[in-house]
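Working notes for the structure below.
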Amino acid sequence: MPYSWLYYNLVKNVSKDKTIHSCQISVGLTEKLLKAFTKEEDIVLIHFGGPGNEILLAKQFNRHYISAEIDKIYYNMILKRIIIFNYFIKSYSIKKFN
Numbered sequence: 001m002p003y004s005w006l007y008y009n010l011v012k013n014v015s016k017d018k019t020i021h022s023c024q025i026s027v028g029l030t031e032k033l034l035k036a037f038t039k040e041e042d043i044v045l046i047h048f049g050g051p052g053n054e055i056l057l058a059k060q061f062n063r064h065y066i067s068a069e070i071d072k073i074y075y076n077m078i079l080k081r082i083i084i085f086n087y088f089i090k091s092y093s094i095k096k097f098n
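Position one of the sequence shown corresponds to residue 1 (UniProt numbering), numbered consecutively onward.
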């Protein structure tokens, strides 16, 4: 695959898209991949919730999603962003085993 096909600027500290998450992926790249590999009403599995960009894009493009985030700080950030955009969310948690 040619590098120019997937060229996107990194989301750095000076970017308007930057959140507090340390490893953020470009929204443009995520949007392109989401549209290329899914269709409306598909279910998207988002293994790492991160700053919540993939969740917001999934809702924006009429996809359902299942997501996980282990870090409480990022989890709360995702919830706040979802509330701002008025997306309904069901939240489940898994108990940790010792």
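Note that the Cβ used here is the ideal one computed from N, Cα and C, for glycine as well.
- Per DSSP, the continuous beta strand (DSSP E) segment holding I66 begins and ends at 64–67.
- When DSSP states are grouped into helix, strand and coil, I70 belongs to the coil group.
- One Cα belongs to R63, the other to M77, and the distance between them is close to 21 Å.
- Per DSSP, N86 lies in no alpha helix (DSSP H) segment and is marked neither H nor E.
- Between Y65 and K59, the gap from beta carbon to beta carbon is short of 9 Å.
- When DSSP assignments are scanned along the segment 20–63, the uninterrupted stretches of alpha helix (DSSP H) that are 4 or more residues long and fall wholly within it turn out to be 27–37, 53–60.
- Nearest to S26 by C-alpha distance, out of I43, G50, F61, is G50.
- Ranked by Cα distance from F61, the options F85, L34, F48 are led by L34.
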